[in-house]
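For the sequence shown, counting from 1, position 48 maps to 52 in the working numbering; every step adds exactly one.
Positions of the beta carbon are idealized from the N, C-alpha and C atoms, including for glycine.
Data block below; observations after.
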Amino acid sequence: MQGSALHSGQLDALLGELYREESSEFIQELSSQLLQSLQTSTKQITEQQPRWDASTAVLITYANTLQRDGERGLTTLKGVLNTHFSALDGVVHVLPFLKASSDGGFAVASHSELEPGFGEWTDLAALAEGRTVMADLVLNHVSASHPWVLQFLQRSEPGRSCILAPDPEAGWANVIRPRSTSLFTTLATDDGPRPVWSTFGPDQLDLDWSEPQVLLGFSELLGRLSRHGVSWLRLDAVGFVWKEEGTTCLHRPQAYTVVRILRQLLETVSSRGVVVTETNVPEQENLSYLRSGNDAHLAYNFPLPPLLVEALISRRADLLNQWLARWPELPAGTSLLNFSACHDGIGLRPLEGLMPPERVHELLVACERRGGLVSHRRLASGKESPYEINISWWSAMADGGVDPSHLQLQRFLLSQLLVMALPGVPAFYLPALVAAANDMKQFRST
5 MQGSALHSGQ LDALLGELYR EESSEFIQEL SSQLLQSLQT STKQITEQQP RWDASTAVLI
65 TYANTLQRDG ERGLTTLKGV LNTHFSALDG VVHVLPFLKA SSDGGFAVAS HSELEPGFGE
125 WTDLAALAEG RTVMADLVLN HVSASHPWVL QFLQRSEPGR SCILAPDPEA GWANVIRPRS
185 TSLFTTLATD DGPRPVWSTF GPDQLDLDWS EPQVLLGFSE LLGRLSRHGV SWLRLDAVGF
245 VWKEEGTTCL HRPQAYTVVR ILRQLLETVS SRGVVVTETN VPEQENLSYL RSGNDAHLAY
305 NFPLPPLLVE ALISRRADLL NQWLARWPEL PAGTSLLNFS ACHDGIGLRP LEGLMPPERV
365 HELLVACERR GGLVSHRRLA SGKESPYEIN ISWWSAMADG GVDPSHLQLQ RFLLSQLLVM
425 ALPGVPAFYL PALVAAANDM KQFRST
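Dropping the structure here:
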């Protein structure tokens, strides 16, 4: 273990913040259990090297974006990287590869098994040889078929305590969430019907982070990932993890504490470990995970994609330039992950306060003309509001005139050059790099 990376007193203090009602003896025992869950990690890096530098770039891909008959996804990906990206001095972000039931891998059904078509843990370790790998921690929820949920149905532990099942009639009127589905999903348990929280939908059931067993479970997963070569972690939807009656249940103080704890644990097994927060929210809320210098190392720069695509489509760079002119000053050791395309759509909440409604409407219409679709979220008032533009980056670069391909390549290249030119770490989505157009069949199935 790297004693310099983590003092048990620091971890105890953070655990005390998260579990305020627990005794000091309980906190010390929990701290010991968390550290014990990491002790078998073998991918420890002791040399003090920068976590990233000016040459670092991130390639984002699924394990099966490119497929070869009869070959596991991670094996194919390794071959593609060795053949076509050997000069890449950076990070490979493999989107969720654990066994899952839906949502492109973000409904995780097992924290110990990989999706069968992707390979085994040894395949992940082989991919990580000689390169940096980033993986997702899907913190807010698990699949409805996850062992914790099955235990919840049987009213057995630890699942009974891990799944969030508050009183639906309590004070949840102010909850902010990115979906228009019901906030609660009713499960048929051995004790009868039980409503459980489902921020993202009925196959993604929220976890109760006030239950220490949830943290222990993710600590074990973190250790398993580290043992197989992962040193960068993307904290998916971390802003939603803590629910508190009478609030928006978004960015609660405990959510930041969870980030700090996971950072401490990661730095225990890798001095070059990097925590990346994913919070598709207005800009200042997003930056709040960097402001202290003790939370995330990197945060996704969510205003960039919608501002960039709007400038290219409208041929007006005024809003983009205004935003660039007030680039945020961030603490040392933190930065932004700059990107244009990712596995999600183009988020609209980051435009709040940056783009007037009429320009947003024009952007939506222009993207729909290029084959895109708009997804919505339900507000506290019950009304629905545009949340995300679902369109491939290549299709978004099409011309709005008679010839869709007119200057399409030039727009695409310009957008990627800007991503590389900005302060921070550039990230590129593999399907965008190969000019993948809109895939409506895939969209409807996921």
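Excluding the 5 residues flanking residue i on each side, which residues of the same chain have their C-beta closer than 8 Å to its C-beta?
| i | result |
| --- | --- |
| V242 | L143, N144, A259, V262, V263, T281, E282, T283, Y293 |
| G175 | E249, G250 |
| V84 | L70 |
| G404 | I317, A370, R373, R374 |
| L453 | No information on residue 453 is available, as it lies outside the stretch 5 to 450 that the chain covers here. |
| W152 | V146, P162, G163, C166, I167, L211, G221 |
| I31 | D16, L19, G20, Y23 |
| G386 | none |
| S419 | L312, V313, L316, S344, W397, M401 |
For residue i, is the classification buried or exposed, using 16 other Cβ atoms within 10 angstroms of its Cβ as the cut-off for buried?
| i | result |
| --- | --- |
| N305 | buried |
| P309 | buried |
| S274 | buried |
| P182 | buried |
| V96 | buried |
| V313 | buried |
| K82 | buried |
| H88 | exposed |
| P427 | exposed |
| H410 | exposed |
| E362 | exposed |
| N342 | buried |
| S90 | exposed |
| F432 | buried |
| Q158 | exposed |
| G196 | exposed |
| H365 | exposed |
| P430 | buried |
| A425 | exposed |
| S398 | Correcting the residue type first, residue 398 is Trp in the shown sequence and not Ser. So W398 ends up on the buried side. |
| A300 | buried |
| Q208 | buried |
Under a three-way DSSP split, which group does residue i fall into?
| i | result |
| --- | --- |
| V406 | coil |
| P307 | coil |
| L352 | coil |
| F343 | coil |
| H145 | strand |
| L377 | strand |
| P199 | strand |
| S389 | strand |
| A442 | The question names Ala, but residue 442 in the sequence shown is Asn. DSSP places N442 in coil when its eight states are reduced to three. |
| T338 | coil |
| P430 | strand |
| R231 | helix |
| W331 | coil |
| H115 | coil |
| N284 | coil |
| D240 | strand |
| D210 | strand |
| N394 | strand |
| H97 | strand |
| A104 | strand |
| L302 | strand |
| R382 | strand |
Identify, in the order they occur along the chain, each residue of the same chain with its Cβ nearer than 6 Å to the Cβ of residue i, setting aside the five sequence neighbours on each side.
| i | result |
| --- | --- |
| S396 | A440, A441, N442 |
| F156 | G163, R164, I167 |
| I49 | With a pLDDT of 49 at I49, under the threshold of 50, the predicted position of this residue should be treated as unreliable, and no value is reported. |
| W213 | V245, W246 |
| I265 | L18 |
| A315 | A321, L324 |
| A129 | H232, G233 |
| R198 | A169, L191 |
| F110 | P100, V142 |
| D93 | S59 |
Which residues in the same chain as residue i place their Cβ atom closer than 7 Å to its Cβ, once the five residues preceding and following it in sequence are excluded?
| i | result |
| --- | --- |
| R448 | none |
| L229 | A139 |
| Q268 | L10, Q14, L15, L18 |
| N68 | G77, G121, F122 |
| L270 | L226, L237, G277, V279 |
| S41 | L220, S223, E224, G227 |
| Q53 | R276 |
My guess is that residue i and residue j are in contact by the Cβ rule of under 8 Å, so how many angstroms apart are they, rounded?
| i | j | result |
| --- | --- | --- |
| S149 | A113 | 5 Å |
| L131 | L63 | Not really, about 12 Å apart at Cβ, beyond 8 Å. |
| S184 | R382 | 4 Å |
| P307 | E289 | So it is not a contact: roughly 11 Å between Cβ atoms. |
| V98 | T65 | 7 Å |
Scan the segment 244-274 and note each continuous beta strand (DSSP E) run of 3 residues or more that stays entirely inside, going in chain order. none
So within the segment 17-76, which uninterrupted beta strand (DSSP E) runs reach at least 3 residues, ignoring any that extend past its ends? 62-65
Return the chain-ordered ranges of every alpha helix (DSSP H) run that is complete within the segment 119-192 and spans a minimum of 4 residues. 125-132, 151-158, 163-166
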